[in-house]
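Student: Numbering-wise (the working numbering), the sequence shown opens with residue 365 and increments by one. Even glycine gets a Cβ: it sits at the ideal position worked out from N, Cα and C.
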Amino acid sequence: MSTYQDYYAILGVKKKATQEEIQRAYRKLARKYHPDINKESSAEEKFKQINEAYEVLGDPGKRAKYDQFGSGWEGIFAEQGPQGEENVRFHFSNSDPGQFSDFFQNLFGGGWSFGEETEFRGGGAGRRRGRDHEATIDLTLAEVYHGVRKSIELEKVEVDSSGRPARARRSYDVTIPPGVTDGSLIRLAGQGSIGSGGGEAGDLFLRVRILPDSNFTLNGHDLATTVDITPWEAALGAKVLVPTIDGRINLTVTAGTQSGQTLRVRGKGMPVAPGRYGDLLVNVRIVVPKRLSARERHLFEELAKESRFDPRM
Numbered sequence: 365m366s367t368y369q370d371y372y373a374i375l376g377v378k379k380k381a382t383q384e385e386i387q388r389a390y391r392k393l394a395r396k397y398h399p400d401i402n403k404e405s406s407a408e409e410k411f412k413q414i415n416e417a418y419e420v421l422g423d424p425g426k427r428a429k430y431d432q433f434g435s436g437w438e439g440i441f442a443e444q445g446p447q448g449e450e451n452v453r454f455h456f457s458n459s460d461p462g463q464f465s466d467f468f469q470n471l472f473g474g475g476w477s478f479g480e481e482t483e484f485r486g487g488g489a490g491r492r493r494g495r496d497h498e499a500t501i502d503l504t505l506a507e508v509y510h511g512v513r514k515s516i517e518l519e520k521v522e523v524d525s526s527g528r529p530a531r532a533r534r535s536y537d538v539t540i541p542p543g544v545t546d547g548s549l550i551r552l553a554g555q556g557s558i559g560s561g562g563g564e565a566g567d568l569f570l571r572v573r574i575l576p577d578s579n580f581t582l583n584g585h586d587l588a589t590t591v592d593i594t595p596w597e598a599a600l601g602a603k604v605l606v607p608t609i610d611g612r613i614n615l616t617v618t619a620g621t622q623s624g625q626t627l628r629v630r631g632k633g634m635p636v637a638p639g640r641y642g643d644l645l646v647n648v649r650i651v652v653p654k655r656l657s658a659r660e661r662h663l664f665e666e667l668a669k670e671s672r673f674d675p676r677m
């Protein structure tokens, strides 16, 4: 028997949390427990739980189903069977089913493909347009910055040679333009459910989810990062290498720069429009050496005797 997963508790949000609050909680936790950042042995499993929770709560349709059934999901499913047009099957992004719990797979079904497909069965006269569907597509910051062409697999319902609906698996090349924002939608026309009575097919919408990055934090079209400098670089000024999405640049640190100060590099953020970019915000962190050679210690002692600077005055 699979164990009930409290997705709200995993993300640390209330059941009445808005989608924006859920997204903020996910991004904060995903960055904290990302295996590239957090080297603790339990981080990878925690990261999987966070992704699973957001896969459900970050999608209004899945969240509604999760809220409806709650911890009594097994008893409800045992009583329910196909009910005409309300018989629904879900398919999700993330093609490896092993990364989600048994609870998730039992609640949302064992079929896996790229994207979510809802199959509606039942009668209905006249021409009827097929239903639109929505899926999540995960992108790295680099993919958002440069734009990317991705190949995806979609399991959908099509009409076979006998005129009956049948499941088919198809591949599509999707072009992601540079500068898409988190939560924005990309439309694949005619890739939703088939229409009835000769009606046109619905559309598939891909909702962009930008993955956490080990070097940068995304804030609108701006990027933020941290650079460590030495006390003498802060006091005397220096040129230091800082990362950007498309390579490193030399940043001028002026004499007297303080720890915690933010330096703005214009035009080194994410694309806003053709030829326009957000900024890179560099947070300066002054790092004091933990170990000193005899010569270094002597120089610091000489500086302490010579200097009249007192930050507490």
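Could you spell out where the alpha helix (DSSP H) holding residue 508 opens and where it closes?
Tutor: Start and end: 505-510.
Student: What does a CB cutoff of less than 8 Å around residue 636 pick up in its chain, not counting 5 residues either side in sequence?
Tutor: So the list reads 543, 585, 642, once near-sequence residues are dropped.
Student: Is the beta carbon of residue 646 sitting closer than 9 Å to the one on residue 605?
Tutor: Their beta carbons are not under 9 Å apart, which means residue 646 does not touch residue 605 by this criterion.
Student: Straight-line CA distance for residue 634 to residue 535?
Tutor: Using only the alpha carbons, I get a separation of about 29 Å.
Student: For residue 571 versus residue 538, is the C-beta spacing smaller than 9 Å?
Tutor: Their beta carbons are not under 9 Å apart, which means residue 571 does not touch residue 538 by this criterion.
Student: Could you give the C-beta distance for residue 492 and residue 554, rounded to a whole number, given that I count them as a contact under 8 Å?
Tutor: The Cβ separation is near 15 Å, so there is no contact.
Student: For residue 398, which residues in the same chain have their Cβ closer than 7 Å to its Cβ, ignoring the five residues on either side in sequence?
Tutor: Once the five neighbours on either side are set aside, the close Cβ partners of residue 398 are 411, 576, 578.
Student: Apply the 10 Å Cβ neighbour rule to residue 497 and answer buried if 16 or more other Cβ atoms are within range, or exposed otherwise.
Tutor: Counting Cβ neighbours within 10 Å, residue 497 comes out buried, since at least 16 surround it.
Student: Please work out which residues of its chain come closer than 7 Å, Cβ to Cβ, to residue 627, disregarding the five sequence neighbours upstream and downstream, and give them in chain order.
Tutor: Excluding sequence neighbours, residue 627 sits near 615, 646, 648.
Student: Checking the sheet assignment: what are the DSSP bridge partners for residue 611?
Tutor: Answer is 608.
Student: Below 9 Å between beta carbons: does that hold for residue 620 and residue 601?
Tutor: It is a contact, given that the beta carbons lie within the stated cut-off.
Student: Would a C-beta distance cut-off of 9 Å place residue 603 and residue 617 closer than the cut-off?
Tutor: In this structure, residue 617 lies closer than 9 Å to residue 603 by Cβ.
Student: If you drop the 5 nearest sequence neighbours on each side, which residues of the same chain put their C-beta closer than 8 Å to that of residue 515?
Tutor: Correct list, in chain order: 535, 536, 537, 538.
Student: Could you check which residue in 424, 431, 390 has the C-alpha nearest to that of residue 414?
Tutor: Checked all of 424, 431, 390; the closest Cα to residue 414 is 390.
Student: So, with DSSP's three-state summary, where would you put residue 402?
Tutor: Reduced to three states, the DSSP call for residue 402 is coil.
Student: Measure the CB-CB distance between residue 613 and residue 506 and report whether it falls below 9 Å.
Tutor: In this structure, residue 506 does not lie closer than 9 Å to residue 613 by Cβ.
Student: Between which two residues does the alpha helix (DSSP H) holding residue 649 run?
Tutor: Segment 644-650 is the beta strand (DSSP E) holding residue 649; no alpha helix (DSSP H) there.
Student: Along the chain, where does the alpha helix (DSSP H) that runs through residue 664 open and close?
Tutor: Start and end: 658-670.
Student: Just reading off the beta strand (DSSP E) that residue 572 is part of, what are its end residues?
Tutor: From DSSP, the beta strand (DSSP E) with residue 572 extends over 568-574.
Student: Which residue marks the beginning of the alpha helix (DSSP H) containing residue 595, and which one marks its end?
Tutor: Taken as a continuous stretch (DSSP letters only), the alpha helix (DSSP H) holding residue 595 covers 595-600.
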